[in-house]
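Trainee:
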Amino acid sequence: MHPLLAASRFHNAPISYDVTFPPSSRSVVDRNTRTAVPTHTLAQPATDPPTFTKLVMRCDKFPWPVVVSPSSKGGKFYIGNTPTIPTEAQPISNMDLLYAVHSTLAIRVTHEEWDALGNGSPAQRRVTRAYERRCSKTGGGWDGGVRRIDWLGHKVQLIGIEVDRNASAGGIAKLIFGRP
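Numbering follows UniProt numbering, in which position 35 of the sequence shown is assigned residue number 35; successive positions increment by one, without gaps.
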C-alpha cells in the first residue's frame, strides 16, 4: 500500500480524509500538518507493486465491499481529428481509491439493507442519528435518504488502510475509519 494510506495496528497512515465529501484539497489532508496532500502524491499508484485491474477493500463497520478500478485517462487530448490515447494501462492511483471509497459510501441504502439492521434496533437508531448529523453538517441531503456512509456513525474520517497479506492477487484491504 502507498505510504500515504498504509496503516497497521501500531500506527495510522498520514492521510486524513473526511469521506462525507468528494476527495479534494480541502477534504484530503495530512493528519499532522492539516495541509492538502499534493496532487502528484494522489496521482501515484496506490499499491506497490502497482495494481492494474481491481482492488477490493472491506470494513468491519459496513457489509459492502469497496471495489477500486483504475480511472480511464484516454481520449481527452486531440490534435487535428485524431484522439491521442495512451497505450499503457494505468495503475490504480491513490485518487482512484479515495473516489471509490466516497462513491461506494454515497450510495443510498436499499429497504432490504435497512431492514437487515432490525426494525427499531439500536443499530437502526445509530444509523438514523448518523444520517441526521450528516445532513445537518452538509446543510442538506434530507430527501436523499440514508446512505451507506451513515453506517460509520461518528467515524467518517479515513485514517488508513491495512493490507491482508494472505489475500489473493487483486487483494483485500481493510479500511480504517476514525472520528474527525
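The beta carbon of each residue, even a glycine, is placed where N, CA and C say it ideally should be.
Taking 7 Å as the threshold (C-beta atoms), are VAL156 and VAL109 in contact?
Mentor: no
Trainee: Please list the segments of the beta strand (DSSP E) lying wholly inside the UniProt domain "DUF6699" (15-164), counting only runs of 3 or more residues, in order along the chain.
Mentor: Within the UniProt domain "DUF6699" (15-164), the beta strand (DSSP E) runs of at least 3 residues that lie entirely inside it are, in chain order, 15-18, 28-30, 55-59, 62-68, 77-79, 82-84 and 157-163.
Trainee: For the pair the region 33-53 and the region 86-105, tell me if three or more CB-CB distances fall below 8 Å.
Mentor: Result yes; three or more Cβ-Cβ pairs closer than 8 Å.
Trainee: What is the C-beta distance between ALA100 and VAL67, in whole angstroms, given that I count them as a contact (C-beta under 8 Å)?
Mentor: 7 Å
Trainee: Note the first and the last residue of the continuous beta strand (DSSP E) segment covering PHE10.
Mentor: Note, PHE10: premise wrong, no beta strand (DSSP E); not H, not E.
Trainee: In whole angstroms, what is the alpha-carbon distance linking GLY143 and ARG129?
Mentor: Before going further, note that residue 143 is Asp rather than Gly in the sequence given. When rounded, the distance between both Cα atoms is 15 Å.
Trainee: Return the CA-CA distance between THR41 and ARG126, expressed in angstroms with no decimal places.
Mentor: If I take the Cα positions, the gap works out to 36 Å.
Trainee: On the CB-based measure, 16 or more other CB atoms within 10 Å of its CB, does ALA116 come out buried or exposed?
Mentor: exposed
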